[in-house]
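See below for the structure under consideration.
In the numbering used here, the protein residues as written are 61 to 813.
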C-alpha cells in the first residue's frame with residue numbers, strides 16, 4: 061500500500077471514529093428551512109382564506125339610509141330635552157355635479173381613484189395594524205372603500221369589518237363604473253351641519269344647488285369630509301380654519317398636478333367663506349347651544365361623527381332642568397330687562413355667557429350661550445375670544461404659592477405679604493419694562509396681597525408676575541384648564557390679556573373649590589348607541605382629574621376670594637347673600653368684557669359679558685349699557701351670578717367652605733391706607749365708574765413682613781396725561797398699561813387689533 065492510500069485510509073477511519081454532532085435546544089425546532097416553510101404555509105393559508113372570504117362575502121344591500129333615526133338628548137334626570145333626526149339628504153345623479161367639482165373629491169381623497177382596483181392595500185394594512193394596536197382610525201382608504209363603509213357597512217373600527225370592506229370594495233369596483241362609485245361616495249358622505257350628500261351640503265354651506273357650485277366651493281366641501289365639525293368655518297377654532305384652508309389649497313394644487321385645473325386658474329382661486337349655519341329643525345334657544353356642545357364633546361372623545369349623525373344615540377347631559385331655567389330667568393331679570401336697544405344703540409351690543417358647574421362631579425348643570433339660534437349662533441359660554449381680565453389674578457397667586465415663590469426681598473409670597481401698590485410703579489426684575497396703571501389711577505401705599513386682590517390692584521400683580529416667573533404662571537394656568545396657545549408669557553398677561561371662555565374660567569375656579577383636584581367641566585354625562593342591536597355605553601373621560609394644586613394652595617385661594625365678596629369689588633352685589641361665597645371680578649381693556657367668576661361649596665358659575673357689534677361680530681365697548689357708565693364685573697355679571705346662585709341652591713344655602721388654611725380673608729383684616737387718585741391722571745367725568753369703590757380695603761391679620769416686593773424707593777413712572785391709555789375697568793382688568801419707555805410690550809394692552 062502506497063503512502064497516498066495509507067493516508068486516505070487513516071482519514072476515513074478518523075471520520076468513522078468521530079461522533080456525529082447532534083443539534084440541541086431551540087436549534088432543533090428553528091432551522092431556516094422550517095422557518096421558510098412556516099412562512100410560506102402562512103402565506104398560502106392567508107391566500108386561501110382571502111379567496112374563501114371573497115367567494116363567501118357578497119355585496120350587501122345598501123342599508124345606511126334605513127338605519128338613520130333620531131338622536132335623543134336628555135336632562136340629567138332622564139327627561140327628554142330634544143330629538144334631533146330629520147335627515148337632510150338628497151341624492152343627485154353624477155351629471156348634475158359639475159365635472160371640476162367631481163374632481164375636487166378625487167384630488168382631495170384618492171388621486172389614483174380612476175386607476176386603482178378599489179383598495180389601497182398598503183393603507184388598509186396600516187389601518188388594520190393601527191386598529192389591532194388600539195390606535196383608532198388611522199390609515200388610508202380609497203374612495204371606493206369609503207363609499208362601501210358609508211353605504212354598505214358601519215363606521216366601527218374592527219379587523220373583521222375592515223376585511224369585509226376590502227372584499228366588498230374589490231367586488232364593487234369590478235361591478236360598477238368609476239362614475240357610479242364616485243356619485244355614490246359624494247351622495248352618501250356626511251358634510252356636517254346635518255347634511256348628507258353634496259346637494260344638501262351645497263345648500264347648507266353656500267345656499268345654492270349643486271349645479272352652481274364653483275371649483276373653490278367644491279374644494280372646501282371635499283376638504284370638509286376629513287373632519288366636518290372641526291372644519292366648519294363658522295365654528296372652527298383659528299387652528300381649524302388654518303387646517304381647512306391648507307387642505308383646500310392642497311386639493312386645488314393636486315388638481316393642477318393632475319392637469320384638471322390650469323395653473324393660471326388656480327392662482328385666481330379665492331377661499332369662499334361659507335354662510336352661517338341654519339338652525340337645526342325643532343332646536344332653538346339655549347337647547348341649540350347645548351346640543352351643539354354635546355356633539356363637539358363626543359367627537360373630541362373619539363365618537364365617529366358620521367356614525368353619530370346616522371342616529372340612534374341617547375345622550376344624557378349633566379344639565380339640571382331647574383338650574384337651567386333659573387339661569388335663563390336670572391339673565392332676563394338682571395340684564396336683558398334693563399336693556400333697550402331702540403333707546404340706546406349700545407344695548408344691542410351686549411352679549412352674556414355663563415357656565416355653571418358642580419365642583420364635585422365636574423358636570424355642567426346650566427349653561428347660557430346667548431339669544432340662541434337663529435338670532436345668535438356663537439355660544440357665549442364657550443367662546444374664548446375675549447379677555448378674562450382680573451379674573452386671571454387669582455391664578456397668579458396660586459402659582460406663587462404652589463412654586464414657593466418669593467419677593468424681590470426674598471420673602472415668601474402669600475396673602476399676608478406686603479407689596480408696594482403705587483400707581484404705575486415700574487416692575488422690578490422683569491426683562492421688559494412694564495408699569496401698568498391701577499384702576500382710575502389710584503395710589504396705594506404698602507398693602508397686603510389680600511387687599512390687592514380685594515381691590516384688584518394692578519401694580520401688585522404685575523410685580524408678583526415678575527417675582528413668580530411668567531412661564532411658571534402660564535404653566536399653572538394650563539394645569540387649571542386654560543388654553544396655553546392663547547397665553548403669551550409677557551408682562552401684560554398679569555392683567556388677563558389672553559382669550560378665555562366662561563367654560564374655561566369655571567373649570568379653573570372649580571378646581572380651587574375642589575381643593576386643587578382638576579375639574580374639566582363636562583356637558584355629556586352618558587352616551588348610549590346601538591352596536592349590533594345592543595345598546596352600548598360609550599366610555600367617557602372622568603371630569604375629575606389629578607391633583608394639580610396642593611390643597612393648602614387651593615383652600616388659601618378660596619379664603620382670599622371670600623374677601624373679594626365680603627370687602628372687595630363684588631361686595632355690592634354678592635356680600636349680603638344667604639350663602640358663603642368666593643369669587644373675583646374682571647373688566648377688560650376699553651370695557652369690552654366684564655366678568656364675575658364665583659363659587660359656593662356646592663356650585664361654581666362663571667359669568668362673562670361681552671361687547672359685540674351685531675354687524676360683523678367685532679368687539680366693541682360696553683360703556684353706557686343699560687343707561688349707566690362703565691360696565692364692570694361687580695355690576696351686571698355679579699348681579700346675574702348672585703340672583704342665579706340663590707335660586708339654584710334653593711334651600712341648600714347653609715353649607716360652609718371646608719378649608720385647610722390659616723391664611724386669607726377668613727381672619728380679621730388689618731388697617732390699610734385708603735387709596736387716593738393721582739391728581740395729574742384723574743379720569744374725565746365720563747370715565748368715572750358707576751359705583752363707588754370700597755373705601756376700606758381689607759387685608760389679613762397677623763404681622764405681615766415689613767418688606768415689600770421690589771424697592772419702595774422707586775419713583776412712580778412719570779406719565780404724560782395726554783398720551784396715557786384710558787383707565788381700566790372697575791377692577792383694573794386689562795387697563796392699557798404702558799411700559800416705562802412709553803411703548804407697549806404687547807399690542808394686547810390696547811385691546812384686540
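Ideal Cβ placement from N, Cα and C applies to all residues, glycine included.
Any non-hydrogen atom of the ligand ZN closer than 6 Å to residue i Cβ
| i | result |
| --- | --- |
| residue 550 | Absence of the ligand ZN is noted for the structure shown, with no ligands found whatsoever. |
Helix, strand or coil at residue i according to DSSP, with G and I counted as helix
| i | result |
| --- | --- |
| residue 514 | helix |
| residue 472 | strand |
| residue 396 | helix |
| residue 427 | strand |
| residue 131 | strand |
| residue 446 | strand |
| residue 149 | strand |
| residue 300 | helix |
| residue 268 | coil |
| residue 255 | strand |
| residue 465 | coil |
| residue 143 | strand |
| residue 527 | helix |
| residue 311 | helix |
| residue 390 | helix |
| residue 291 | coil |
| residue 604 | strand |
| residue 770 | Model confidence at residue 770 stands at a pLDDT of 39, short of 50, so the residue's coordinates are unreliable; what they give is reported in the following sentence. Note: residue 770 maps to coil in three-state DSSP. |
| residue 320 | coil |
| residue 164 | helix |
| residue 377 | strand |
| residue 276 | helix |
| residue 582 | strand |
Closest by C-alpha distance to residue i, when choosing among the options
| i | options | result |
| --- | --- | --- |
| residue 267 | 553, 437, 325 and 338 | 338 |
| residue 346 | 386, 429 and 420 | 429 |
| residue 448 | 224, 703 and 655 | 655 |
| residue 411 | 426, 402, 435 and 422 | 435 |
| residue 419 | 723, 712, 603 and 562 | 603 |
| residue 649 | 152, 446, 487 and 470 | 446 |
| residue 388 | 485, 426, 499 and 685 | 426 |
| residue 601 | 334, 554, 423 and 685 | 423 |
| residue 145 | 237, 136, 371 and 162 | 371 |
| residue 225 | 178, 290 and 395 | 178 |
| residue 644 | 404, 453 and 175 | 453 |
| residue 703 | 327, 392 and 154 | 392 |
| residue 473 | 523, 318 and 628 | 523 |
| residue 535 | 667, 677 and 456 | 456 |
| residue 206 | 367, 590 and 720 | 367 |
Counterpart residues of residue i in DSSP-defined beta bridges
| i | result |
| --- | --- |
| residue 589 | 596 |
| residue 482 | None; residue 482 has no bridge partner. |
| residue 414 | 428 and 667 |
| residue 335 | Paired residues: none, contrary to the question. |
| residue 250 | 256 |
| residue 569 | According to DSSP, residue 569 bridges with nothing at all. |
| residue 560 | 446 |
| residue 284 | BP columns for residue 284 are empty, so no partner. |
| residue 201 | Note: residue 201 sits in no beta bridge, so no partner. |
Where residue i falls, given that 16 or more other Cβ within 10 Å makes a residue buried
| i | result |
| --- | --- |
| residue 596 | exposed |
| residue 343 | buried |
| residue 567 | buried |
| residue 476 | buried |
| residue 322 | exposed |
| residue 234 | exposed |
| residue 269 | exposed |
| residue 607 | exposed |
| residue 638 | exposed |
| residue 716 | exposed |
| residue 499 | buried |
| residue 711 | exposed |
| residue 286 | exposed |
| residue 174 | exposed |
| residue 687 | exposed |
| residue 622 | buried |
| residue 397 | exposed |
| residue 814 | Because the chain in this structure spans residues 61 to 813, residue 814 falls outside the shown range and cannot be described. |
query: Quick one: complete alpha helix (DSSP H) runs, 4+ long, within the segment 608 to 694?
result: Fully enclosed alpha helix (DSSP H) runs of 4 or longer: 611 to 627 and 631 to 634.
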